[in-house]
Each structure stands twice: as C-alpha cells, then as structure tokens.
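Chemist: Please find one structure pasted underneath; my questions will follow.
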Amino acid sequence: MSITDKSTDSTTDKRADWIAVDWGTSRMRAWAMTDGGETLASASSDKGMGSLAPHQFEAALLADIGDWLSAGRTTPVVACGMVGARQGWKEAAYRAVPCKPAPELMSVPVTDDRIAVYLCPGLKQQVPADVMRGEETQVAGLLAAHPGFEGVVCLPGTHSKWARVIDGQLSRFQTFMTGELYALLATQSVLRHSVGAEGWDDVAFASAIAIALQSPAAVSGRLFSLRAEALLADLAPESARARLSGYLIGLELAAARAYWGGQSVAIIGASALGRHYATALQLLDARSEIHDGEALTLKGLHAAYQQITGV
Numbered sequence: 215m216s217i218t219d220k221s222t223d224s225t226t227d228k229r230a231d232w233i234a235v236d237w238g239t240s241r242m243r244a245w246a247m248t249d250g251g252e253t254l255a256s257a258s259s260d261k262g263m264g265s266l267a268p269h270q271f272e273a274a275l276l277a278d279i280g281d282w283l284s285a286g287r288t289t290p291v292v293a294c295g296m297v298g299a300r301q302g303w304k305e306a307a308y309r310a311v312p313c314k315p316a317p318e319l320m321s322v323p324v325t326d327d328r329i330a331v332y333l334c335p336g337l338k339q340q341v342p343a344d345v346m347r348g349e350e351t352q353v354a355g356l357l358a359a360h361p362g363f364e365g366v367v368c369l370p371g372t373h374s375k376w377a378r379v380i381d382g383q384l385s386r387f388q389t390f391m392t393g394e395l396y397a398l399l400a401t402q403s404v405l406r407h408s409v410g411a412e413g414w415d416d417v418a419f420a421s422a423i424a425i426a427l428q429s430p431a432a433v434s435g436r437l438f439s440l441r442a443e444a445l446l447a448d449l450a451p452e453s454a455r456a457r458l459s460g461y462l463i464g465l466e467l468a469a470a471r472a473y474w475g476g477q478s479v480a481i482i483g484a485s486a487l488g489r490h491y492a493t494a495l496q497l498l499d500a501r502s503e504i505h506d507g508e509a510l511t512l513k514g515l516h517a518a519y520q521q522i523t524g525v
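In terms of the working numbering, the sequence shown is residues 215 to 525.
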C-alpha cells in the first residue's frame with residue numbers, strides 16, 4: 215500500500231454526509247464531514263496527483279474513504295487542489311479574476327455509485343499571467359469564517375501567493391517561488407554544506423530581512439557569503455538557515471510591497487513558515503493575523519458543498 219499515514223476517528227460510527235478532499239501534487243488528505251461542517255474522521259496518504267494517472271484517481275480515493283461510505287447511498291465528494299489540474303483526474307478549467315473564490319464545481323464521471331465527485335476549479339489572471347489551485351478554496355474559507363472581510367491575504371508555501379479581496383471577490387493575486395527557491399538552494403546548491411535542516415536564529419533572520427528590503431540587488435552576493443562565512447568563520451548551520459530564509463522572504467516582501475504596505479495581512483497557515491512571515495511583516499511595521507490553513511480549507515470546501523445541497 216502507498217499509504218504512509220492514515221488516521222480515523224474511532225469515536226464515531228457515523229457515515230459521512232459528504233467528504234472533503236484536498237488533493238495536492240504529493241499528498242492527498244480527506245475528511246468525513248457532516249452537513250453542518252463537523253469533521254467525523256480524517257485520512258491522509260502519499261497518493262498525490264504527481265504519482266497517479268487519470269484512471270487511478272478513483273481507486274486511490276476509495277482506498278482511503280471506503281469506510282465512510284454507505285451502500286445504496288451516493289455520498290458527495292468535493293475536492294480542491296491539483297486533482298483538477300491538466301495532469302490530474304480531470305481538468306477543471308480556471309476561472310478568471312476578479313471573481314468570488316467559492317467555486318463553480320465540475321462533476322467527474324465515476325464507476326462506483328457510492329460516490330459523486332466534484333472538483334473545484336482554480337483561478338487565473340491574464341496580466342500579469344498567474345494561476346492558483348487550492349489556495350482559492352482557503353480564501354473562500356476565510357470569507358466564510360469572516361463575512362465582510364476585505365484586504366490582503368498571504369498564503370505562504372512552496373509557491374507563496376498574495377491576493378487582494380474586495381467586495382467578496384478575489385480581485386488580483388501574485389505568486390512567488392520563494393519556498394521552491396529555498397528548497398533548491400538549501401538542498402541542491404553549494405549552500406547545502408552550510409545550511410542546517412533545523413534550528414533557528416531570530417537575529418540572523420531579522421538582519422537578512424532588512425538587507426533584502428534595503429538592497430535587493432545585493433542578495434545574490436549575500437547568498438554565497440553564507441558558504442564563505444561557514445568556511446572562514448564557522449557560521450552556525452541554524453544561522454545560515456535563518457539568513458537564507460530571511461533573504462528569500464525579504465525579496466518576496468520587497469516585490470509584494472503593493473499588497474502589504476499600509477494593510478493588515480491575513481496569513482493563512484499556522485505553521486512555522488506562517489509565523490516567519492508574520493515576524494517579517496512585524497519587522498516592517500506591518501500588521502498581520504495568522505489563520506489555520508486546514509480549518510479554512512474545510513470551510514471553503516463546505517461552502518462549495520453547500521452549492522450542491524442548495525443550503
């Protein structure tokens with residue numbers, strides 16, 4: 215079996231009214247849900263979009279959610295993320311911004327009559343060209359949790375997103391490859407010999423943020439200095455890690471100033487990375503509030519499910 219981690223809440227024998235799924239490139243997460251949005255059980259596996267051919271998605275899904283289904287009843291499954299990409303189960307066409315982040319669902323043909331599968335489409339922006347899949351569901355969850363929210367949303371990750379929400383619509387957004395750049399530099403460049411995999415240095419992080427904001431053009435040279443300083447002055451691996459993160463997040467914030475400048479930012483993701491973004495914004499005298507990403511994903515998927523039920 216390809217499942218690396220699966221957990222189910224054994225305190226209830228209830229079957230799911232519907233099933234929420236967040237299906238990314240490398241992992242799939244699923245939750246058994248009630249009509250009211252309560253979580254009954256959860257499961258996760260390494261059967262991400264990147265490891266499956268289109269004809270394999272239904273079996274992969276059923277392997278994890280089969281215990282939540284009832285014979286003779288069709289259970290709706292609402293899925294967001296890369297499952298709807300061109301390389302996924304079936305392509306759910308992008309919707310153009312500005313638009314409401316709550317999606318117009320696309321049905322997927324299945325062979326098992328116990329499930330009816332619906333995919334959430336991503337969003338696209340023509341100028342400058344940009345796309346997102348999955349993050350729009352979290353923004354929809356933010357609006358469901360905080361009706362009337364207007365402002366700026368930051369979604370840290372492998373590909374960080376900055377989005378502006380006005381009048382209930384996601385009006386524009388921008389993607390930064392900050393997380394991917396960090397992973398490449400920390401694990402596949404010469405810096406892999408100097409950057410630690412754990413530990414942290416708050417002072418080094420703050421210094422790197424300041425340098426990146428004040429002189430973005432200097433960062434390329436500063437990156438190699440991490441290796442040189444490790445060789446010549448025994449720079450601690452945790453300090454190199456914090457400085458590398460600070461340089462790259464600082465570059466992102468320098469480019470995204472039009473989003474966060476003078477604004478309060480809703481950061482989606484209560485992880486260490488989300489906290490690093492909050493710290494960086496605080497260093498720049500910008501206000502932010504961190505929101506739990508999983509909770510907002512479920513709220514966004516619940517809002518999508520309500521389109522099916524008409525509630």
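Backbone N, C-alpha and C define an ideal beta-carbon position, used for all residues, glycine too.
Where does VAL404 fall in DSSP's three states?
Modeler: In the structure shown, VAL404 sits in a helix (DSSP, three-state: H, G or I).
Chemist: Quick one: grab the DSSP three-state call for LEU465.
Modeler: DSSP places LEU465 in helix when its eight states are reduced to three.
Chemist: Does the separation of the CB atoms of TYR396 and LEU462 fall below 8 Å?
Modeler: The answer is yes: Cβ separation under 8 Å.
Chemist: By Cβ distance, which residues of its chain are closer than 7 Å to LEU356, with the 5 residues on each side in sequence left out?
Modeler: Here the set comprises PHE363, VAL367, ALA480, ILE482, HIS505 and LEU510.
Chemist: In three-state DSSP terms, what is LEU487?
Modeler: The answer is helix: DSSP assigns LEU487 an H, G or I state.
Chemist: Once you ignore the five residues that flank THR389 on each side, which residues in its own chain have a CB closer than 6 Å to its CB?
Modeler: Cβ neighbours of THR389 beyond the five flanking positions: ASP344, HIS373 and LYS375.
Chemist: Considering only C-alpha positions, which residue in the set ASP236, GLN339 and LEU427 is nearest to ALA469?
Modeler: The residue with the shortest Cα to Cα distance from ALA469 is LEU427.
Chemist: Could you tell me which uninterrupted alpha helix (DSSP H) segments, each at least 4 residues in length, are contained entirely in the region 218-281, listed from first to last along the chain?
Modeler: 271-279, all fully within the region 218-281.
Chemist: Leaving aside the five residues before and after THR392 along the sequence, list all residues of the same chain whose C-beta is less than 7 Å from its C-beta, in chain order.
Modeler: Same-chain partners within the cutoff: SER374, LEU462, ILE463 and GLU466.
Chemist: Only counting the same chain, and skipping five residues up and downstream in sequence, which positions put a Cβ closer than 6 Å to that of GLU272?
Modeler: Within the same chain, GLU272 has close Cβ partners VAL324.
Chemist: Determine whether the beta carbon atoms of LEU515 and VAL292 lie at a separation below 8 Å.
Modeler: In contact: LEU515 and VAL292 (Cβ atoms closer than 8 Å).
Chemist: For SER224, collect the residues of the same chain with a Cβ closer than 8 Å to its Cβ; drop the 5 residues on either side in sequence, then sort them by chain order.
Modeler: Bear in mind that the predicted position of SER224 carries a pLDDT of just 39, short of 50, making it unreliable; the figure below should be weighed with that in mind. Contacts found: none.
Chemist: According to DSSP, simplified to helix, strand and coil, what is PHE419?
Modeler: Here PHE419 sits in helix by DSSP.
Chemist: State yes or no: is the C-beta of MET320 within less than 8 Å of the C-beta of VAL297?
Modeler: No, Cβ-Cβ distance for MET320 and VAL297 is not below 8 Å.
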